[in-house]
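Each protein sequence line maps, in turn, to chains A and B. First residue of the first sequence? That's 0 in numbering that gives the first Met the number 0, and the numbers climb one at a time after it. First residue of the second sequence? That's 0 in numbering that gives the first Met the number 0, and the numbers climb one at a time after it.
Number of protein chains: 2
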Amino acid sequence: MAVTIKQVASAAGVSVSTVSRAFTAPDQVQPQTLQRVREAAAALGYSPNPAARSLRGGRTGSLGLIIPDIANPFFPPIFKAMQARARRLGYTVLAADTDEREYDELETIAAVSKQVDGLILWASTLPEERLRELGAEMPTVLVNRHVEGMAELRISLAQGIAQAAEHLKAYGHTRCVFVNAEHGEHGRGKSIREVFEAHDLSLTELGPYDPRFETGLHAATLVAAGEATAVLAHNDLVALGVLHQFAKLGVGVPDRVSVIGIDDTLLAATSTPSLTTIRISADEVATAAADLLIDTIAGRGEGRVAGIGSRLIPRASTGPAPG
Amino acid sequence: MAVTIKQVASAAGVSVSTVSRAFTAPDQVQPQTLQRVREAAAALGYSPNPAARSLRGGRTGSLGLIIPDIANPFFPPIFKAMQARARRLGYTVLAADTDEREYDELETIAAVSKQVDGLILWASTLPEERLRELGAEMPTVLVNRHVEGMAELRISLAQGIAQAAEHLKAYGHTRCVFVNAEHGEHGRGKSIREVFEAHDLSLTELGPYDPRFETGLHAATLVAAGEATAVLAHNDLVALGVLHQFAKLGVGVPDRVSVIGIDDTLLAATSTPSLTTIRISADEVATAAADLLIDTIAGRGEGRVAGIGSRLIPRASTGPAPG
DNA sequence: CCTCTTCATGAAAACGATCCCGCAAACACT
DNA sequence: AGTGTTTGCGGGATCGTTTTCATGAAGAGG
């Protein structure tokens with residue numbers, strides 16, 4: 000059915016080796032031969048069979064992207080950007096979702112890993128030991144997870160948080176609330192506490208809850224009953240819940256309370272009022288992760304640690320503190 | 000590096016053929032032999048090399064999903080659901096984005112088609128002739144596109160729109176606006192016009208514009224200046240723009256104008272006020288599309304047409320007409 | 001003119017699985 | 001007992017590439 004290298008070879012009057020070379024190492028074949036081969040290939044509509052290619056070469060030309068939840072609006076732009084980057088470098092991206100469950104993560108990785116040259120593990124929940132094993136078996140890049148000796152992409156919220164703190168301070172806020180929607184140590188809470196303290200802003204922490212819209216609803220009710228004039232939420236989705244509940248309670252945003260999200264997803268730009276948030280650039284993140292993985296595959300990455308920053312995007316949900 | 004069938008064979012003291020059979024046709028091998036093979040495979044951590052398998056068998060075990068824009072919040076849940084369904088049936092889903100550009104679509108399809116057993120083309124912009132060619136080359140399922148003789152999944156908004164019309168009518172609305180954000184004939188406009196007319200509701204059409212947030216902002220300004228009391232937007236994103244602008248203009252929702260979206264994305268549930276919208280079930284759609292494609296691959300699908308319905312999800316953005 | 005490289009090309013061996021054949025043993029039937 | 005059928009398994013061809021090695025021609029240098 001499909002046209003093979005053999006047919007191209009006989010059409011061009013050369014051997015299969017030459018056709019192969021014409022595609023993989025064009026400088027090793029004479030210009031006129033090259034052209035004949037190319038014409039024949041074009042005429043027949045030939046393109047190499049990736050299965051055969053990977054069988055022989057041991058390389059699949061794909062990168063595996065393992066993320067917690069593709070339905071989280073933070074990830075699609077990353078997938079998209081990574082796809083674009085990968086394509087330019089001759090790779091395909093195979094994305095898979097673990098549904099935030101540890102059990103599924105192992106299964107997913109097992110299913111994907113056979114078909115890719117390397118893995119990008121986003122905020123993996125796997126124990127360090129497993130990650131180490133995985134890293135020994137195949138090129139692996141960890142995002143937002145640290146294991147000594149493994150390649151890592153670290154997304155730093157520090158700048159964004161610092162800018163948020165300055166922003167709030169400039170508006171005269173002094174009492175802030177952080178809605179923590181994440182369990183465990185590696186979260187966003189630590190760096191937020193530190194930065195706010197350094198800026199001399201009082202910070203009350205709510206939670207930890209789950210990173211869901213309803214968490215925001217609940218937290219907003221608590222905040223409305225208190226004295227705080229600014230809320231920093233774990234992410235945009237939670238911030239949206241906060242916004243929603245404030246509207247319901249008649250609490251003015253930003254007149255009575257200012258609200259800040261994190262991630263700068265589509266949600267933030269389209270909410271009412273539009274949401275001040277801390278942006279993590281999908282392009283930067285995706286590009287850095289893809290490049291790091293490709294370097295690791297080529298043996299040049301090997302435990303390198305790359306970093307990505309963040310910044311505040313001021314919108315309509317923040318304003319002067321009341322009074 | 001990786002463990003092959005040969006190693007398993009010698010570990011189990013059988014031939015490679017037997018190991019292969021143990022995995023692909025377990026009933027053709029004696030129970031005790033089967034167990035020995037399985038134990039050996041488990042001990043070595045063997046799993047078949049997909050590249051070798053597809054090279055020999057001509058099947059890749061992957062489904063290709065070509066969508067206009069993965070960053071459109073409508074698609075991630077579909078991708079997710081399809082992945083879940085496909086996995087249960089022994090398939091992997093390879094998703095790719097065309098960025099809404101026709102040129103990219105061809106290129107994307109070319110890149111993907113070599114690595115999958117079949118294609119799901121979502122709202123393809125390709126000319127009918129190309130689609131026909133594609134369908135001749137490989138199993139293809141069209142979503143929201145019709146080409147005689149090709150397998151098709153048709154998402155019908157008819158019920159949802161009818162319910163929306165009834166809903167508005169019951170609330171006493173008579174003058175409605177449809178914000179069209181799509182060019183071409185195959186769109187949502189036709190069926191909306193028909194249904195609203197059948198329900199005796201006057202319908203003014205704005206556009207066509209592009210399906211973006213800003214379209215909603217613009218349309219809302221026009222609506223606010225007019226007499227209409229209800230807006231049906233092309234999708235949730237546009238509806239959110241409408242909501243946003245109404246808030247800015249001080250136009251009460253739903254007191255002065257009711258707003259309805261389409262798709263029931265995350266945006267609709269989390270907006271302020273929450274958005275009444277027409278739901279297209281991601282699970283149903285993804286399952287139906289995957290099943291249809293798998294049937295087509297197996298030669299059982301062949302130009303079948305499957306249908307998926309929709310329904311209204313009433314939320315807080317609709318209410319009684321003013322006066 | 002002869003040797004020594006370089007260069008373009010072809011032949012053939014992999015890569016790791018599947019699957020068609022063929023063989024032998026076990027069983028059923030006359 | 002002899003013949004036919006089923007069953008379980010091994011041998012080996014095969015899928016479409018890449019890549020190593022060999023070969024012969026062309027070019028360089030003395």
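Backbone N, C-alpha and C fix where the C-beta goes; we use that ideal spot for every residue, glycine too.
Rounded to the nearest whole angstrom, the C-alpha separation of valine 2 of chain B and asparagine 48 of chain B is 9 angstroms. A residue is called buried when at least 16 other Cβ atoms come within 10 angstroms of its Cβ; lysine 5 of chain B does not meet this threshold and is exposed. Collapsing the DSSP output to three states places valine 194 of chain B in a helix.
The region 197 to 213 of chain B and the region 172 to 181 of chain B touch, with three or more beta-carbon pairs separated by less than 8 angstroms. Within chain A, the residues whose beta carbon sits less than 8 angstroms from that of proline 72 of chain B are Pro72, Pro75, Leu265, listed in sequence order. Against chain B, the CB of histidine 243 of chain A has a partner CB under 8 angstroms away; the residue lies at that interface.
Contact of threonine 59 of chain B with chain A is assigned, a C-beta pair being separated by under 8 angstroms. Proximity of lysine 79 of chain A to chain B, defined by a Cβ-Cβ separation below 8 angstroms, is satisfied.
The C-beta distance from glutamine 82 of chain A to aspartate 96 of chain B rounds to 6 angstroms, short enough to meet the 8 angstroms contact threshold. Per DSSP, the continuous beta strand (DSSP E) segment holding isoleucine 119 of chain A begins and ends at 117 to 121. Distances from the alpha-carbon of histidine 172 of chain B to those of B:Ala21, B:Gly322, B:Ala8, B:Thr17 put B:Gly322 closest.
A contact between stretches requires three or more CB pairs, one per stretch, nearer than 8 angstroms, and the region 148 to 165 of chain B meets this requirement with the region 190 to 197 of chain B. Proximity to threonine 23 of chain B across B:Gly12, B:Ala39, B:Ser46 peaks at B:Ser46, based on C-alpha coordinates. Under DSSP, threonine 139 of chain B takes part in a beta bridge, and its partners are B:Leu118. Interface annotation for the region 267 to 289 of chain A against chain B: Ala268, Thr269, Ser270, Thr271, Pro272, Ser273, criterion Cβ-Cβ distance under 8 angstroms. At a cut-off of 8 angstroms between C-beta atoms, phenylalanine 212 of chain A counts as an interface residue with respect to chain B. With its beta carbon at least 8 angstroms from every one in chain B, asparagine 234 of chain A lies outside the interface.
In the displayed model, glycine 188 of chain A falls within a helix according to three-state DSSP. The continuous beta strand (DSSP E) containing glycine 306 of chain B extends over residues 304 to 307. From the beta-carbon of serine 316 of chain A, no residue of chain B is found nearer than 9 angstroms; the closest lies around 11 angstroms away. DSSP, read as helix, strand or coil, puts phenylalanine 177 of chain B in strand. Those residues of the region 78 to 97 of chain B placed with their C-beta closer than 9 angstroms to a C-beta in chain A are Phe78, Lys79, Gln82, Ala83, Arg86, Thr91, Val92, Leu93, Ala94, Ala95, Asp96, ordered along the chain. Counting only residues of its own chain and dropping the five nearest sequence neighbours on each side, valine 18 of chain B has a CB closer than 6 angstroms to the CB of Ile4, Val7, Ala8, Val36.
Within 7 angstroms of the CB of lysine 5 of chain A, no CB atom of chain B is found; the nearest one sits about 14 angstroms away. Looking only at A:Ala122, A:Gln34, A:Ser53, the smallest Cα-Cα distance to isoleucine 65 of chain A is reached by A:Ala122. Per DSSP, reduced to three states, the secondary structure at leucine 152 of chain B is strand. For the pair aspartate 209 of chain B and glutamate 127 of chain B, the Cα-to-Cα distance works out to about 23 angstroms. The straight-line gap separating the alpha-carbon atoms of glutamine 34 of chain A and glutamate 181 of chain B is approximately 44 angstroms.
Around isoleucine 69 of chain B, the beta-carbon contacts reaching into chain A at under 7 angstroms are Pro75, Phe78, Lys79. Counting along the chain, arginine 86 of chain A sits inside the alpha helix (DSSP H) bounded by residues 74 to 87. Taking 9 angstroms as the Cβ-Cβ cut-off, the region 19 to 50 of chain B approaches chain A at Ser46, Pro47, Asn48, Pro49, Ala50, given in chain order.
Residues of chain A with a Cβ closer than 8 angstroms to the Cβ of alanine 246 of chain B are, in chain order, Thr271, Pro272. Between alanine 10 of chain B and the set B:Ala268, B:Pro25, B:Ala41, B:Gln29, the nearest pair of CA atoms involves B:Ala41. Annotation note: the region 206 to 255 of chain B contains the following uninterrupted beta strand (DSSP E) runs of length 3 or greater, listed N- to C-terminal: 229 to 232.
Under the DSSP assignment, alanine 109 of chain A falls in the alpha helix (DSSP H) whose first and last residues are 101 to 112.
In this structure, DSSP gives leucine 64 of chain A an extended state, which the three-state scheme calls strand.
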